[in-house]
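Read the structure below first, then the notes.
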């Protein structure tokens, strides 16, 4: 992966940014936005975890912009890899996934910010600048959810929360709620059917659900509520 700046020689004084997204048009659009800034440059691109790790080793970026859904890999796992192997690389998540559900998890995994692809270009640049300045960036909506969670964390445990699910369990739970079969979930996450069944069993146990029908009904209700912004915790 070579350094480039619209075909010109690389500006070695500029902040180096790696783009990790499995959609070429998204990478192209983001590259164009970033390289309008005289003090920023795109030093590489990747579409999956392996390419991203190789690019970080080769180009030494100061910031990696990562989507959560990558080609044949998981962006959340990449974030954890970078946190462990390259802790000096700042990470900003740019994703289509609902930030009220994923922003806090991404930051816990090692990201320094979370912004959705629906946001305007100006907001994306604000997020980039804020993360590069050593701050955490997320929207007012995501920040309000985190504040609400902190304020209510001491409540009596009268129910079972989706927040207790591990990252991969949550991915499986989301896909169940979206109506995907076990085989479809396995294909989407690039894991074995038996592994999906294991996750389903863990989810039922953690959410105190008695059988597969209970799990399906609860996942569908949660999925519908999360799309309307009312999923809660």
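Numbering (the numbering used here), first residue to last: 2 to 234. Glycine residues also receive a C-beta, built at the ideal position from the N, C-alpha and C atoms.
Sequence-distant residues of its chain with Cβ nearer than 7 Å to residue i (five each side left out)
i           : result
residue 15  : 40, 41, 42
residue 194 : 183, 184, 187
residue 166 : 174, 204, 207
residue 152 : Reliability fails at residue 152, whose pLDDT of 47 lies under 50, so the model's placement of it is uncertain and no value is given.
residue 128 : 93, 114, 116, 138
Pairwise C-alpha distance: residue j and residue i
i           : j           : result
residue 1   : residue 77  : The chain is shown only over 2 to 234; residue 1 falls outside these bounds and no answer can be derived.
residue 117 : residue 70  : 13 Å
residue 90  : residue 22  : 17 Å
residue 100 : residue 138 : 12 Å
residue 19  : residue 50  : 12 Å
residue 95  : residue 29  : 14 Å
residue 123 : residue 164 : 31 Å
residue 26  : residue 133 : 24 Å
residue 181 : residue 218 : 13 Å
residue 220 : residue 68  : 24 Å
residue 210 : residue 200 : 13 Å
residue 213 : residue 36  : 50 Å
residue 222 : residue 178 : 7 Å
Close-in-space but distant-in-sequence residues of the same chain around residue i (CB under 8 Å, 5 per side omitted)
i           : result
residue 190 : 75, 169, 172, 173, 176, 197
residue 155 : Residue placement at residue 155 is poorly supported in this model, since its pLDDT is 36, which falls under 50; the coordinates are not used for a value here.
residue 125 : 31, 34, 95, 116
residue 300 : Any question about residue 300 goes unanswered here, given that the chain covers just 2 to 234.
Sequence-distant residues of the same chain with beta carbon closer than 6 Å to residue i, five excluded per side
i           : result
residue 205 : 216
residue 115 : 94, 100, 104, 107, 139
residue 157 : Summary for residue 157: the model assigns pLDDT 38, below 50, so the residue's position carries little reliability; its value from the coordinates is reported in the next sentence. Contacts found: none.
residue 73  : 49, 191
residue 63  : 16, 17
Delimiting residues of the beta strand (DSSP E) encompassing residue i
i           : result
residue 19  : 16 to 21
residue 93  : 91 to 96
residue 47  : 41 to 47
residue 65  : 64 to 67
residue 116 : 114 to 117
Anticipated Cβ contact below 8 Å, residue i with residue j, distance rounded
i          : j          : result
residue 79 : residue 59 : About 16 Å separates the two Cβ atoms, so there is no contact after all.
residue 61 : residue 17 : 7 Å
residue 83 : residue 45 : Not confirmed; about 13 Å, so no contact.
residue 92 : residue 56 : Incorrect: roughly 14 Å between the Cβ atoms, too far for contact.
Endpoints, the alpha helix (DSSP H) within which residue i is located
i           : result
residue 171 : 168 to 178
residue 76  : 76 to 86
residue 129 : 122 to 133
residue 162 : Careful: residue 162 lies outside any alpha helix (DSSP H) and carries neither H nor E.
residue 195 : 194 to 207
residue 103 : 100 to 110
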